[in-house]
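Participant: What follows is a structure written as structure tokens; I'll ask about it next.
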Amino acid sequence: MKRRITIAGAGIAGLTAAINLAKRGYDVVVYEKSKNFGGRFIGDFQHLENWTYDEDVLEVLKDRGIEINFHYYPVKRMFFYTPSLKEVVVESRKPLFYAIRRGCVEDSIDNCLGRQALDAGVKIRFNSKINRNSVDIDATGPKKVSALGIGILFDTNLEDRVSVIFDDRISPKSYAYFEVFDGKAALVATMVRDFKNGINYLEKTLERFKEILDFKILNARKFSGFVYYNIPESARVGKRLLVGEAAGFQDWLAGFGMLYAVESGFLAAKSIAENKDYDELWKEEFLRKLKSSKVNRFLFELLGNIGYSIGLNIISFFKPDLRNLLKMVYIPNVWHSILYPVASVIMRKRFG
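Start counting the sequence shown at 12; every next residue gets the next number (the working numbering).
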């Protein structure tokens, strides 16, 4: 038996690291402050983006040691709305992303990764806190609020669909969305500023979607979540490796951070098992992607409602495959490199 590895946090990043280390023969112990897997979620949906790799992201997860035993909903069609509620239907040949349940529900990614970890021999210590400075891997989640989402989860009568409104009056410098899968709906206002008025933005978001769609709200529960944007010089503090949002690894534009959680957890395990430099591994794998997403966030915030309308009208006219369009926007290029210093200086005050 190889040496013991301790991990703080049983989220996606922590469990990915634990699974891969256990498979390599390490004695892995994970400390989780909640009483079960996915304790900070209530069965709401998060999204696994499928546009930054040529291959399907589910195949990427398999390559990172993750079994696809959780339920997922592939999304190939979405309904975008301008601030004036003009509808623009966007589609792609391959899934844009996969919607995945979070929380302690049976088929959530949290529960399923937890079972994989236990099957691999990982020891989970629920209801346990540990000094982060004493662990090998820190997977304790976001430390600051860079962007906020406030929403309601409910049962409804609508068919599966994903609708998104771009309007700074209800979702400042972000987007509001309403998604339905198998009769479960999540309606969410996201924002990167003016957090104190989050409930008001949620109420306005509900009003706007009521103008578009006729739907029932049954068994409603409010929820909220936040993300942390950061591009660290180093994701290592002493012996401790920071993974997922503990390091700030997050998509700055759309806020789809699950893939970064998997990637960083996998690379942390690789660095320990193969005695490789963790910073070199993650920087080689996705530093340029992080920087590109920061530039994308900077450019998006310049648009405003007029820019959203113009952009969506262009998409409506040309009808591109949205996955291909997003791939083009996200792939690091020379313009990202030129604009990155400018974006960093301008956004430093708000995001650090």
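Built from N, CA and C at the ideal position, the CB exists for glycine as well.
Which residues in the same chain have their Cβ closer than 6 Å to the Cβ of V40, if we skip the five residues on either side of it in sequence?
Facilitator: Numbered from 1 along the sequence shown, position 29 holds the residue referred to as residue 40. T17 and K134, listed in sequence order.
Participant: Where E98 and D288 are concerned, what is the direct C-alpha to C-alpha distance, given to the nearest angstrom?
Facilitator: Along the sequence shown, one-based indexing puts residue 98 at 87. Along the sequence shown, one-based indexing puts residue 288 at 277. Approximately 48 Å between the Cα atoms of the pair.
Participant: Pull up the distance between the alpha-carbon of L301 and that of L229, whole angstroms please.
Facilitator: The sequence position of residue 301 within the sequence shown is 290, counting from 1. The sequence position of residue 229 within the sequence shown is 218, counting from 1. Approximately 39 Å between the Cα atoms of the pair.
Participant: Tell me where the beta strand (DSSP E) around K195 begins and ends.
Facilitator: Translated into the one-based positions of the sequence shown, residue 195 becomes position 184. Segment K195 to M202, the beta strand (DSSP E) holding K195.
Participant: Go to P400, then tell me how far its beta strand (DSSP E) extends in each direction, as first and last residue.
Facilitator: The chain is shown from 12 up to 363; residue 400 falls before or after that span and cannot be answered.
Participant: Please name the residue in A21, M202 and Q57 whose C-alpha comes closest to that of L164.
Facilitator: In the sequence shown, the residue the question calls residue 164 occupies position 153. Answer by Cα proximity: Q57.
Participant: Count the C-beta pairs between the region 177 to 186 and the region 60 to 77 that are closer than 8 Å, then say yes if the count reaches three, no if not.
Facilitator: Short answer: they don't touch.
Participant: Using a threshold of 8 Å, state whether the C-beta atoms of G25 and V254 are closer than that.
Facilitator: Start at 1 with the first residue of the sequence shown, and residue 25 comes out as number 14. Start at 1 with the first residue of the sequence shown, and residue 254 comes out as number 243. Yes. Within cutoff.
Participant: Just grab the DSSP bridge partners of D166 for me.
Facilitator: Against the sequence shown, residue 166 aligns to sequence position 155. Paired residue(s): K195 and L229.
Participant: Less than 8 Å between C-beta atoms, sequence neighbours within five positions excluded: which residues of the same chain meet that for F277?
Facilitator: Position 266 of the sequence shown holds residue 277. If we look at F277 and ignore the five residues flanking it on each side, its Cβ neighbours are T27, A28, N31, R75 and G76.
Participant: Is DSSP giving N255 helix, strand or coil here?
Facilitator: Your numbering for residue 255 matches position 244 in the sequence shown. It should be pointed out that residue 255 corresponds to Gly in this sequence rather than to Asn. In the structure shown, G255 sits in a helix (DSSP, three-state: H, G or I).
Participant: Measure how close the beta-carbons of Y240 and S157 come, nearest whole angstrom, since I'm counting them as under 8 Å.
Facilitator: Position 229 of the sequence shown, counting from 1, holds the residue named residue 240. Position 146 of the sequence shown, counting from 1, holds the residue named residue 157. Confirmed, Cβ separation roughly 4 Å.
Participant: Where does S348 land, buried or exposed, given buried means 16+ other C-beta within 10 angstroms?
Facilitator: Position 337 of the sequence shown, counting from 1, holds the residue named residue 348. When all chains shown are included, S348 counts as exposed.
Participant: Measuring CA to CA, which of L198, I210, F220 and I23 is closest to S275?
Facilitator: Taking the first residue of the sequence shown as position 1, residue 275 is located at position 264. Among L198, I210, F220 and I23, the Cα nearest to that of S275 is on I23.
Participant: Which value, in whole angstroms, describes the spacing of the CA atoms of F108 and W62?
Facilitator: Taking the first residue of the sequence shown as position 1, residue 108 is located at position 97. Taking the first residue of the sequence shown as position 1, residue 62 is located at position 51. One C-alpha to the other measures close to 8 Å.
Participant: If we ignore side chains and look at the alpha-carbon of each, how far apart do E117 and R88 end up?
Facilitator: Taking the first residue of the sequence shown as position 1, residue 117 is located at position 106. Taking the first residue of the sequence shown as position 1, residue 88 is located at position 77. Taking the straight line joining both Cα atoms gives about 27 Å.
Participant: Within the region 42 to 68, note down every full beta strand (DSSP E) run reaching 3 residues or more, in order along the chain.
Facilitator: Counting whole runs of 3 or more residues, the region 42 to 68 contains the beta strand (DSSP E) stretches 56 to 60.
Participant: Buried or exposed for V353, please, with buried defined as at least 16 other CB atoms from any protein chain shown within 10 angstroms of its CB.
Facilitator: Here residue 353 refers to the residue found at position 342 of the sequence shown. V353 should be labelled exposed.
Participant: Please say whether L159 and G209 have beta carbons closer to each other than 8 Å?
Facilitator: What you label residue 209 is simply residue 198 of the sequence shown in a count that begins at 1. What you label residue 159 is simply residue 148 of the sequence shown in a count that begins at 1. Yes, they are a contact pair.
Participant: Taking contact to mean at least 3 C-beta pairs separated by less than 8 Å, is the region 43 to 58 in contact with the region 185 to 205?
Facilitator: Enough Cβ pairs lie closer than 8 Å, so yes.
Participant: Would you mind sorting M339 into buried or exposed? The rule is 16 or more other CB atoms within 10 Å of its CB.
Facilitator: The count along the sequence shown starts at 1 and reaches residue 339 at position 328. Per the 10 Å Cβ criterion, exposed.
Participant: Helix, strand or coil, according to DSSP, for F237 in the structure here?
Facilitator: Your numbering for residue 237 matches position 226 in the sequence shown. In this structure, F237 counts as strand in the three-state DSSP scheme.
Participant: For R251, I'd like the list of residues in its chain whose CB is within less than 8 Å of its CB, leaving aside the five on either flank, ordered along the chain.
Facilitator: On the sequence shown, residue 251 is found 240 positions in, with the first residue counted as 1. Closer than 8 Å at the Cβ level, and outside the excluded window around R251, lie R143, N144, V146, D147, I148 and D149.
Participant: Near Y188, which residues of its chain fall below 6 Å by C-beta distance, leaving aside the five closest residues on each side in sequence?
Facilitator: Your numbering for residue 188 matches position 177 in the sequence shown. Closer than 6 Å at Cβ, skipping near neighbours: V175 and V199.
Participant: According to DSSP, is D149 part of a helix, a strand, or is it coil?
Facilitator: The count along the sequence shown starts at 1 and reaches residue 149 at position 138. Correct three-state label for D149: strand.
Participant: Should R113 and G49 be called a contact, given that it needs their Cβ atoms to be closer than 8 Å?
Facilitator: In the sequence shown, the residue the question calls residue 113 occupies position 102. In the sequence shown, the residue the question calls residue 49 occupies position 38. Going by C-beta atoms, R113 is nearer than 8 Å to G49.
Participant: Just the C-alpha distance for A7 and E244, rounded to the nearest angstrom, thanks.
Facilitator: There is no way to answer for residue 7, as the model of the chain reaches only from 12 to 363.
Participant: With distances taken Cα to Cα, identify the nearest neighbour of R104 among F297, L336 and I342.
Facilitator: Position 93 of the sequence shown, counted from the start, is the residue given in the question as residue 104. Comparing Cα positions, the closest option is L336.
Participant: By the three-class DSSP mapping on this structure, what secondary structure does E190 have?
Facilitator: Stepping through the sequence shown from its first residue, residue 190 is reached at position 179. E190 falls in the strand class under three-state DSSP.
Participant: Tell me whether the beta-carbon of Y92 lies closer than 8 Å to the beta-carbon of I111.
Facilitator: Sequence index remark: in the sequence shown, residue 92 carries index 81 (1-based). Sequence index remark: in the sequence shown, residue 111 carries index 100 (1-based). No, the pair does not count as a contact, with Cβ atoms beyond the cut-off.
Participant: Just tell me which of G318, K360 and V100 has its CA closest to the CA of K330.
Facilitator: As a first step, residue 330 is located in the sequence shown; it is residue number 319 there, counting from the start. When only C-alpha atoms are compared, the closest one is V100.
Participant: Counting C-beta neighbours from all protein chains within 10 Å, is the total for N307 16 or more, i.e. buried, or is it exposed?
Facilitator: Numbered from 1 along the sequence shown, position 296 holds the residue referred to as residue 307. It counts as buried.
Participant: So T17 is in the beta strand (DSSP E); what residue range does that whole segment cover?
Facilitator: Counted from its first residue, the sequence shown places residue 17 at position 6. Taken as a continuous stretch (DSSP letters only), the beta strand (DSSP E) holding T17 covers R15 to A19.
Participant: Looking only at its chain, what residues have a beta carbon closer than 7 Å to the beta carbon of K227, apart from the 5 residues adjacent to it on each side?
Facilitator: What you label residue 227 is simply residue 216 of the sequence shown in a count that begins at 1. Excluding positions up to five away in sequence, the list reads T167 and N168.
Participant: With S327 as the anchor, note down where its alpha helix (DSSP H) starts and where it stops.
Facilitator: Along the sequence shown, one-based indexing puts residue 327 at 316. Per DSSP, S327 belongs to the alpha helix (DSSP H) from R299 to F329.
Participant: Under DSSP, the beta strand (DSSP E) around V156 begins and ends at which residues?
Facilitator: Residue 156 sits at position 145 when you count from the first residue of the sequence shown. Neither: V156 is in no beta strand (DSSP E) and is coded neither H nor E.
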